[in-house]
Every structure is written in C-alpha cells, then in structure tokens.
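**Student:** Residue numbers (this note's numbering): 71 to 947.
A virtual CB, placed ideally from N, CA and C, is assigned to each residue, including glycine.
Structure provided below as structure tokens; questions to follow.
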C-alpha cells in the first residue's frame with residue numbers, strides 16, 4: 071500500500087459542521103463569526119502538514135434538490151436549517167479552498183457522499199491508496215481494500231477490519247444496518263421496531279436486507295417479523311436512500327487532483343479579513359523578509375554624532391531592545407529610504423548616540439517617529455523633558471482600535487500590512503547568543519523595523535483624523551509618555567523588613583488555618599488539591615453539589631461555590647476561602663515584592679498606555695493596580711510602601727469620579743444637584759429608591775444604593791444585582807426600575823448609548839477616545855448583552871481615565887516648575903501617590919488638589935480627598 075500514491079478525499083460539510091460546533095464564540099473585530107472557518111482550516115492544515123498527500127480534493131453539496139429528494143420527498147425534511155452563523159462562513163471556506171488550490175468536488179443532483187463514493191472506487195481501481203476524511207459513520211460502507219477512512223472525530227484510521235471491530239459489521243453490511251435502523255436526522259424511515267443493535271443481530275444471521283425480507287416469516291421475534299413484513303417497501307426504500315453511489319458519471323482525473331502550492335497572497339487576504347493573526351504570521355518566511363537592503367553600520371563615535379545631528383525632521387528611529395537591561399543599539403532612517411545602525415556593543419557608541427539624540431529631543435522643531443518611544447526617553451535619561459514632537463505608532467494604533475490583540479511592532483505589521491516581521495531569534499538573538507558585530511542578519515532586522523515604521527506611519531496618521539483622536543493624542547497620550555517614564559524611574563521605597571515580618575505572621579496564620587481545616591475535614595489533605603477538596607466536601611461530608619466543572623464534570627470548588635456554601639453556614643468552605651486569600655497575598659505580594667527591589671532600594675513598576683481598552687493605565691512588573699483593599703490583610707501591604715527620609719507620601723484620590731462623570735454625561739438633574747450640594751450620593755439614591763426621608767436611610771439601604779449606583783455604571787443586570795445584594799431577582803428588578811424612574815436621565819443615557827453604539831459599533835468618551843464594539847451585532851445573545859454593558863461603561867470609565875491622565879500631566883508640570891523635589895510616584899485607578907519633602911506638604915497638597923479638581927469643568931464639581939503619611943496605608947487613611 072505504501073508504494074501506491076495517496077489520494078485524500080475530504081468530506082467537506084462533515085468537517086465544517088464539526089468545526090462549527092467544536093469552537094464557539096470566535097469572531098473577528100467586526101463581530102462576524104469565524105469559528106467554522108478557523109476549525110476547518112486547522113483540520114486541513116494538520117492533514118497537509120502531517121500526511122503530505124500527493125492528491126487531494128474536498129467534496130461539497132451543491133443544493134438540497136437531489137435524486138434522493140426526487141425519490142422520497144420527505145428525505146432530510148426534519149433537518150434544521152443551517153445556522154445563520156455557519157451559513158455566512160460557507161463562502162469564506164470556499165475561498166479558503168481556492169486559496170489552497172484544492173479542488174472542490176461537486177455534482178448536480180447528487181450529494182457529496184456520492185462524489186466521494188464514485189471517486190474513491192475509481193481511484194482505488196486506478197492504483198491509488200484512498201483516504202476518506204470524515205466524521206460520518208455512513209461512509210464506513212465505502213471502506214474497502216485500498217480505501218480507508220480517517221475519522222476526524224475519533225482521530226482513527228478505519229480499514230475493513232477496524233470497521234467490523236468498532237461498528238459490529240463489515241463495510242458491505244453497513245448500508246443494511248443503516249437501512250433497517252433508519253435515521254431521524256435525514257428522515258430515513260427504516261423499519262419500525264428495529265434499532266441498531268437489532269439490525270446488527272439480524273444481519274449477522276441473514277446477510278442483507280433483501281435476504282432478511284425473504285426470511286421474514288421465519289423470524290421468531292414478533293416485533294421484528296411484523297415490522298419487516300408490514301414495511302417491506304420502507305426497508306427497500308431506506309436502503310436505496312442510504313446507499314452511497316459509486317458509479318456516477320464522474321471521471322477520475324488524477325492530474326486535476328494533484329496537490330499544488332497555495333496562493334499565499336489569497337491566504338493572506340483571507341486571514342487578514344478574518345483576523346487569524348497567528349496563521350497570517352506563519353505565511354511569511356524569514357527569507358521573504360531578508361530581501362531588504364541591510365542597514366549601513368556606523369562604527370565610529372565621531373561619525374555617529376555627526377550623522378545624527380545632521381538628520382532633518384522627521385527622524386524615524388528605533389532603539390533595539392533584545393531582552394537585556396540595556397538596548398543593543400540604535401537604528402534610524404531618512405526620507406530617501408536609507409537606513410543606518412550603530413551597535414552599542416562597540417565602545418563609546420551608546421554615549422555618542424545619546425548625546426546627539428538628547429539635543430534633538432529638546433528641539434521643538436524636531437519630530438521623532440518610532441514605536442514605544444517611552445523606552446527611547448528612558449534611555450536618553452529620566453530627567454529629560456522632551457520638547458520635540460513624539461509620533462509613537464504604538465499609541466496611534468491603540469487610539470485607533472484599543473481592542474487589538476497586541477500593539478508590538480510585529481503585531482502592527484501583521485494587522486496593518488499583512489506582513490510577518492523577522493523575529494529576534496531569526497536574527498540570531500537566542501538562548502544567550504548574540505549575532506556578531508556587523509552581522510548581516512542583525513542589520514537586516516534593523517532595516518526591516520525601520521521600513522515597517524515608515525510604512526505604518528501614513529495609514530496610522532490618517533486614522534488619527536477620526537473625530538478628536540489627534541487632539542486626544544496631542545493633549546493626553548503624547549505628554550503622558552514622559553510623565554510615566556519619570557514615575558517609573560523614580561520608583562517608591564519599600565520596607566522589606568516589614569514585609570518579612572508580615573510574611574512570618576501570615577505563615578503562622580496559614581498553619582493555624584490548615585490545622586482548623588484538617589480538623590473540620592476529619593483528615594489531612596492537600597488544601598490546594600481541588601479534586602480532593604471536592605471529594606471531602608461533597609462525598610465525605612455530603613454538602614449540596616451546587617456546580618460541576620464544564621470540562622471534566624468534577625465537583626466545582628471555585629470561589630463562588632465556596633462562598634455560597636459559606637453563606638449557607640458551612641464552616642469548612644469559609645476557612646478554605648480565608649486560606650486561599652491569605653496564601654495568595656503572601657505569595658503574590660508579601661513574598662514577591664522584596665525580590666523586585668532595585669539597587670536603589672526602591673520598587674519600580676512599569677505603566678502601559680496601550681493595554682486596557684477603556685483607556686485606563688495598566689501596571690506590571692509588579693502590578694500595583696490589583697493590591698487587595700477589601701480585606702485588612704490586603705490593606706496592610708500598603709504599609710510597606712514608604713517615603714524617603716525627610717519626606718512623606720501624599721495620596722490624592724478623586725471622590726466618586728465615575729458617578730460624577732455619569733451625572734454629567736447623562737445630564738441627570740437629581741444627581742447633579744446632590745453633587746453640587748455636597749450630599750452623600752449613596753444616601754441620596756437610597757432615599758429616592760426606597761422612598762424614605764434622607765435622615766432615615768439605614769446603613770443596609772445605603773449599601774444597597776451604592777451597589778446599584780456602581781452597578782449601573784458597569785451595566786449590572788437584575789441577576790447580578792440579586793446575587794450581590796442576596797435578594798430575589800424580583801426585588802433586584804424592582805430596585806433597578808425604581809432607580810431608573812427616579813433618575814430618568816440615567817435611563818436615557820443607557821438607552822441612547824446602546825442605540826448609538828449599535829448603529830456605529832463604537833462609543834466615545836467626552837474627549838473623543840473610541841471604544842469599538844463590533845460584538846453589538848453578534849448573533850449570540852450573551853455576546854451582544856455583554857457588549858451593551860461595555861458600551862454603557864466605556865464612556866464613563868474612559869472619560870474618568872482621560873481626566874486622571876490630564877491631572878497627572880498637569881500635576882507633573884506644576885511640580886517640575888514649582889516643587890522639583892516633590893515627585894509623582896504611582897497612580898492606582900483614581901488616585902495619585904506622591905513623595906513630598908515634609909516642609910512642602912501643605913503647599914504641594916494644595917497644588918495637587920487644585921490641579922486635579924480644576925482639570926475639567928463639568929456640570930458637577932470634581933472633588934479630591936488628600937491624605938498624608940509616612941507610608942501608603944497611613945496616607946490613604
């Protein structure tokens with residue numbers, strides 16, 4: 071068999087339907103479903119790579135009007151219509167096959183199975199080894215010497231012997247089994263009273279449907295006997311319907327089925343449109359990229375300084391970072407397409423380049439064009455305040471579409487240019503190895519990165535003309551680059567001995583909790599084993615089973631399940647939750663933060679502008695945005711963040727900024743009045759919703775009103791509110807209805823926002839920041855509803871993020887001018903953390919408050935609460 075050339079015949083719709091149901095909720099940024107295309111492609115790619123077939127074809131149905139329907143009008147009459155989410159993907163799959171240059175095998179009035187049957191038989195007779203690729207058991211009847219079937223669901227190759235083993239009858243009897251048992255999906259009637267097991271037993275004794283019908287009077291079992299005698303015509307009709315044709319007027323043309331190289335450009339277009347970026351990346355080889363002219367290298371410090379100082383604006387520049395603590399070198403290009411490179415591994419070049427570029431960065435007539443320019447500013451020096459214009463393509467792309475999967479230069483090349491960039495590994499940077507000085511691969515990498523910057527810039531620049539995006543960049547994102555860089559370089563002091571002491575205390579608490587858990591469980595066990603915990607809770611102790619995991623169907627022991635059990639009065643789940651919380655605090659913060667302290671004994675986080683789709687900043691290495699604040703143990707961690715000697719920390723926090731933004735955008739008069747009068751907005755809401763006098767609002771009512779206030783911002787449903795407040799769905803719905811009735815402006819805001827967002831597939835903040843929401847037109851209800859909640863929230867949270875960024879820029883500017891010894895250190899959500907000399911605290915507090923409260927003029931006042939202390943906990947209050 072191995073000597074025979076192989077023909078792979080793919081059952082198109084069997085594999086398409088399987089892909090559609092195996093992968094759910096996959097869409098592109100336009101909200102178009104792409105799951106079937108993606109799954110089918112992966113099956114096809116795997117087959118091509120692993121099997122390398124000499125010949126290949128995909129059989130497809132043309133229409134429902136077939137010879138079987140002509141013979142039996144009700145054939146397939148019960149089949150549900152093709153799902154709309156699948157129907158719109160079928161043309162793309164046909165395009166995909168065209169791009170792969172794989173023949174589509176179709177014949178009018180016949181089904182794909184008949185095409186497979188005819189071609190498989192004729193190919194086998196012509197000396198080919200045929201492999202049918204399907205998950206349809208009906209095709210077992212075609213398996214024969216030199217015709218096998220690869221079952222894509224079971225990932226198993228079927229020969230005549232394995233069909234007999236698994237299906238219970240040899241291939242030539244498969245059609246008889248199908249005829250007797252019938253098929254409700256295809257509406258094949260079969261013989262009433264005979265199922266699969268009975269059919270196989272009868273055929274083992276009588277051979278075929280025809281022989282069985284002849285022997286019907288002698289069959290002992292009454293239901294079988296009567297069924298065969300009374301429904302003889304149905305049996306024969308059913309066999310006719312399930313029999314796959316193998317003798318159609320369809321010639322076998324080996325040349326037409328021979329595998330060809332795919333149309334790479336067509337595949338690029340399909341993958342780009344459907345946003346299959348990982349597949350798009352695979353298409354371009356490094357050899358295709360290396361066609362660029364390598365960058366010219368300058369290896370002399372004097373010539374380097376002269377070359378950089380003579381560059382005319384705009385200057386396209388790329389600082390190459392390769393995983394080290396310092397950059398490897400610097401590349402730049404001019405408008406004539408020339409590219410240059412200096413390698414900082416050569417003595418004196420880094421200093422020469424830095425000095426030359428520093429003067430350019432301080433020149434207001436110069437424009438620096440690059441990607442992630444914050445790293446360039448960091449290298450030039452943390453005290454540098456650039457005066458040049460900064461064109462950061464990473465931020466341009468982020469403002470255009472903040473929901474992209476990534477904003478690195480290779481990702482932007484894939485997204486905007488359908489181009490796969492050379493990787494650092496391909497250029498020689500791998501496992502500690504570095505390419506030699508002057509290496510052509512390294513210089514080609516540099517030339518390519520500069521070429522990508524030049525090619526991406528015009529399109530991204532044009533996209534910034536949408537609405538207020540250019541103003542947003544120039545007034546917020548561009549000036550924020552330097553502010554964030556200076557914050558990162560300044561860092562914040564960390565009291566390591568305090569954390570070491572806290573670690574010991576938490577360790578003792580965890581040991582005590584573990585002993586308590588073991589006692590409640592009645593046996594020692596690994597508290598981190600969810601499987602063992604499930605067995606103890608639900609088998610040994612008999613707690614009610616609330617949920618099982620989706621994949622393994624084992625007992626769920628997630629936080630929500632344990633919390634529900636704890637709410638019902640079970641002690642063990644409550645102790646497990648406490649153990650998990652303390653254990654996470656200890657490992658994630660208390661033990662981890664000291665390991666990240668730099669040589670200056672300060673902790674330096676990194677802030678990322680191009681991550682959160684809402685416009686908020688993200689923090690990493692370490693992430694200081696997620697330090698827990700709900701538990702006292704979590705809040706205690708803030709004690710470790712301390713001021714330098716003779717300094718104090720100043721924490722300035724916007725009060726209820728998102729609710730104030732909501733009141734302004736919605737034009738909600740009652741909210742506006744409450745904020746202007748300085749009243750407690752949650753107590754005011756409680757009085758309105760619960761119909762009581764403001765002075766009679768209880769703590770519980772105020773808590774509920776607070777949940778509703780913030781729940782509206784995040785699009786909370788009645789279901790979510792009922793879970794949070796632990797009330798019935800009916801009560802929660804009544805709360806929301808009362809809220810909307812009392813605050814009609816908010817209701818108008820939510821309705822209009824969803825309506826406009828659904829029409830435009832995007833929402834904007836007050837400052838023009840765009841959040842694209844193509845999911846609003848998704849066919850899945852849950853996806854659409856989640857997108858509606860995001861639309862309601864995005865305008866509010868995004869505007870709050872813009873206000874905080876403006877405040878950071880204003881505070882930084884004033885500090886540098888009036889209090890250069892005071893420094894902005896951190897931002898977390900709606901607060902700023904500063905380090906201030908003790909003798910300047912009052913002045914700086916007034917300065918920060920004035921700038922934050924005066925950053926915008928809304929219909930409601932912006933209010934800042936500022937506190938001071940030797941550590942973050944005390945300053946926060």
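Could you pull out every residue in the same chain whose Cβ sits closer than 7 angstroms to the Cβ of residue 939, ignoring the five residues on either side in sequence?
**Tutor:** The residue labelled residue 939 in the question sits at position 869 within the chain shown. Short of 7 angstroms from the beta carbon of residue 939, and not among the five residues preceding or following it, lie these beta carbons of its own chain, in chain order: 718, 719 and 945.
**Student:** Can you name the start and end residues of the alpha helix (DSSP H) that residue 190 belongs to?
**Tutor:** To locate residue 190, count along the chain shown from 1; it is residue 120. It spans 182–195 - the alpha helix (DSSP H) in which residue 190 sits, taken as one unbroken run.
**Student:** Which residue from 384, 205, 88 and 903 puts its Cα closest to that of residue 407?
**Tutor:** As a position in the chain shown, residue 407 is number 337, starting the count at 1. The shortest Cα separation from residue 407 among 384, 205, 88 and 903 belongs to 384.
**Student:** DSSP three-state call for residue 218: helix, strand or coil?
**Tutor:** Looking up residue 218 in the chain shown gives position 148. Strand.
**Student:** Would you mind listing the alpha helix (DSSP H) stretches within the region 522–578 that are 4+ residues and don't spill past its ends, in chain order?
**Tutor:** 539–542 and 548–560
**Student:** Do you know offhand how far residue 747's Cα is from residue 930's?
**Tutor:** The sequence position of residue 747 within the chain shown is 677, counting from 1. The sequence position of residue 930 within the chain shown is 860, counting from 1. About 10 angstroms.
**Student:** Once you ignore the five residues that flank residue 538 on each side, which residues in its own chain have a CB closer than 6 angstroms to its CB?
**Tutor:** Residue numbering aside, residue 538 sits at position 468 when the chain shown is read from its first letter. Cβ neighbours of residue 538 beyond the five flanking positions: 838.
**Student:** Going by the beta-carbon positions, is the gap between residue 912 and residue 870 smaller than 8 angstroms?
**Tutor:** Residue numbering aside, residue 912 sits at position 842 when the chain shown is read from its first letter. Residue numbering aside, residue 870 sits at position 800 when the chain shown is read from its first letter. It is not a contact, given that the beta carbons lie outside the stated cut-off.
**Student:** Are the Cβ atoms of residue 499 and residue 680 separated by less than 8 angstroms?
**Tutor:** In the chain shown, counting from the first residue as 1, residue 499 sits at position 429. In the chain shown, counting from the first residue as 1, residue 680 sits at position 610. Cβ atoms of residue 499 and residue 680: not closer than 8 angstroms.
**Student:** Can you check whether the CB of residue 126 is closer than 8 angstroms to the CB of residue 78?
**Tutor:** Working through the chain shown from its first residue, we reach residue 78 at position 8. Working through the chain shown from its first residue, we reach residue 126 at position 56. Result yes, Cβ atoms of residue 78 and residue 126 sit closer than 8 angstroms.
**Student:** Going by other Cβ atoms of all chains shown within 10 Å of its Cβ, with 16 needed for buried, is residue 95 buried or exposed?
**Tutor:** Locating residue 95 in the chain shown gives position 25, where the first residue counts as 1. Per the 10 Å Cβ criterion, exposed.
**Student:** Count the other C-beta atoms from every protein chain shown that fall within 10 angstroms of the C-beta of residue 444, then say buried if there are 16 or more, exposed otherwise.
**Tutor:** Here the question's residue 444 lines up with position 374 in the chain shown. Under this definition residue 444 is a buried residue.
**Student:** Which value, in whole angstroms, describes the spacing of the CA atoms of residue 638 and residue 770?
**Tutor:** The residue given as residue 638 occupies position 568 in the chain shown. The residue given as residue 770 occupies position 700 in the chain shown. Between residue 638 and residue 770, the C-alpha separation is close to 20 angstroms.
**Student:** Can you tell me whether residue 834 is buried or exposed, with buried defined as 16 or more other CB within 10 angstroms of its CB?
**Tutor:** What you label residue 834 is simply residue 764 of the chain shown in a count that begins at 1. Buried is the call here.
**Student:** Would you report the Cα separation of residue 852 and residue 787, rounded to the nearest angstrom?
**Tutor:** Position 782 of the chain shown, counting from 1, holds the residue named residue 852. Position 717 of the chain shown, counting from 1, holds the residue named residue 787. Rounded to the nearest angstrom, the two C-alpha atoms are 12 angstroms apart.
**Student:** From what residue to what residue does the beta strand (DSSP E) around residue 125 run?
**Tutor:** Translated into positions along the chain shown, residue 125 becomes position 55. 125–129 is the span of the beta strand (DSSP E), which, as asked, contains residue 125.
**Student:** Within its chain, find whatever has a CB closer than 8 angstroms to the CB of residue 278; leave out the 5 residues flanking it on each side and keep chain order.
**Tutor:** Mapped onto the chain shown, residue 278 falls at position 208. If we look at residue 278 and ignore the five residues flanking it on each side, its Cβ neighbours are 243 and 246.
**Student:** Roughly how many angstroms separate the alpha carbons of residue 370 and residue 420, rounded to a whole number?
**Tutor:** As a position in the chain shown, residue 370 is number 300, starting the count at 1. As a position in the chain shown, residue 420 is number 350, starting the count at 1. Rounded to the nearest angstrom, the two C-alpha atoms are 11 angstroms apart.
**Student:** What residues in its chain sit with their C-beta under 7 angstroms from that of residue 427, if we drop five residues either side in the sequence?
**Tutor:** Taking the first residue of the chain shown as 1, we reach residue 427 at position 357. The beta carbon of residue 427 sits closer than 7 angstroms to the beta carbons of 378 and 450 from its chain, once the five residues preceding and following it are set aside; these are given in chain order.
**Student:** Below 8 angstroms CB to CB, which residues in the same chain sit around residue 763 once its five sequence neighbours on both sides are set aside?
**Tutor:** Counting from 1 along the chain shown, the entry for residue 763 is found at position 693. If we look at residue 763 and ignore the five residues flanking it on each side, its Cβ neighbours are 757.
**Student:** Between the alpha carbons of residue 744 and residue 841, how many angstroms are there, rounded?
**Tutor:** Sequence index remark: in the chain shown, residue 744 carries index 674 (1-based). Sequence index remark: in the chain shown, residue 841 carries index 771 (1-based). Going by the C-alpha atoms only, they are around 30 angstroms apart.
**Student:** From 169, 507, 848 and 446, pick the residue whose C-alpha is nearest to that of residue 331; which is it?
**Tutor:** As a first step, residue 331 is located in the chain shown; it is residue number 261 there, counting from the start. Comparing Cα-Cα distances from residue 331 to each of 169, 507, 848 and 446, the minimum goes to 169.
**Student:** Answer with buried or exposed for residue 722, where buried requires no fewer than 16 other C-beta atoms within 10 angstroms of its C-beta.
**Tutor:** Position 652 of the chain shown, counted from the start, is the residue given in the question as residue 722. Residue 722 is buried by the Cβ-count criterion.
**Student:** Am I right that residue 103 and residue 158 are in contact with their C-beta atoms under 8 angstroms? What's the rounded C-beta distance?
**Tutor:** On the chain shown, position 33 is the one that residue 103 refers to. On the chain shown, position 88 is the one that residue 158 refers to. Contact flag correct, Cβ pair sits at about 7 angstroms.
**Student:** When you compare the region 218–230 with the region 196–207, are there three or more beta-carbon pairs, one atom per stretch, that lie closer than 8 angstroms?
**Tutor:** yes
**Student:** Given residue 196, which residues of its chain have a CB within under 8 angstroms of its CB, disregarding the five upstream and five downstream residues?
**Tutor:** Position 126 of the chain shown, counted from the first residue, corresponds to residue 196. Same-chain partners within the cutoff: 322 and 324.
**Student:** Quick one: does residue 269 have its CB under 8 angstroms from some CB of chain D?
**Tutor:** Protein chains in the displayed structure number just one, and chain D is not present.
**Student:** Just tell me which of 492, 462 and 515 has its CA closest to the CA of residue 552.
**Tutor:** If you number the chain shown from 1, residue 552 lands on position 482. That would be 462, whose Cα lies nearest to the Cα of residue 552.
**Student:** Below 8 angstroms between beta carbons: does that hold for residue 124 and residue 76?
**Tutor:** Numbered from 1 along the chain shown, position 54 holds the residue referred to as residue 124. Numbered from 1 along the chain shown, position 6 holds the residue referred to as residue 76. In this structure, residue 76 lies closer than 8 angstroms to residue 124 by Cβ.
**Student:** Excluding sequence positions up to five away, which residues of its chain have a Cβ less than 8 angstroms from the Cβ of residue 287?
**Tutor:** To locate residue 287, count along the chain shown from 1; it is residue 217. The answer, listed in chain order, is 295 and 299.
**Student:** Counting C-beta neighbours from all protein chains within 10 Å, is the total for residue 510 16 or more, i.e. buried, or is it exposed?
**Tutor:** Position 440 of the chain shown, counting from 1, holds the residue named residue 510. Under this definition residue 510 is an exposed residue.
**Student:** Can you have a look at residue 255 and say buried or exposed, based on whether 16 or more other CB atoms are within 10 angstroms of its CB?
**Tutor:** On the chain shown, position 185 is the one that residue 255 refers to. Exposed, since its Cβ has fewer than 16 Cβ neighbours within 10 Å.
**Student:** Go through its chain and collect everything with a Cβ distance to residue 483's Cβ below 6 angstroms, but skip five positions before and after it.
**Tutor:** Within the chain shown, numbered from 1, the residue matching residue 483 stands at position 413. Here the set comprises 489, 491 and 522.
**Student:** With residue 438 as the anchor, note down where its alpha helix (DSSP H) starts and where it stops.
**Tutor:** As a position in the chain shown, residue 438 is number 368, starting the count at 1. Careful: residue 438 lies outside any alpha helix (DSSP H), inside the beta strand (DSSP E) at 437–440.
**Student:** Measuring CB atoms only, is the region 79–89 touching the region 183–193, in the sense that at least three cross pairs come out at less than 8 angstroms?
**Tutor:** yes
**Student:** Count the other C-beta atoms from every protein chain shown that fall within 10 angstroms of the C-beta of residue 211, then say buried if there are 16 or more, exposed otherwise.
**Tutor:** Position 141 of the chain shown, counted from the start, is the residue given in the question as residue 211. Taking every protein chain shown into account, the CB of residue 211 has 16 or more other CB atoms within 10 angstroms, so this residue is buried.
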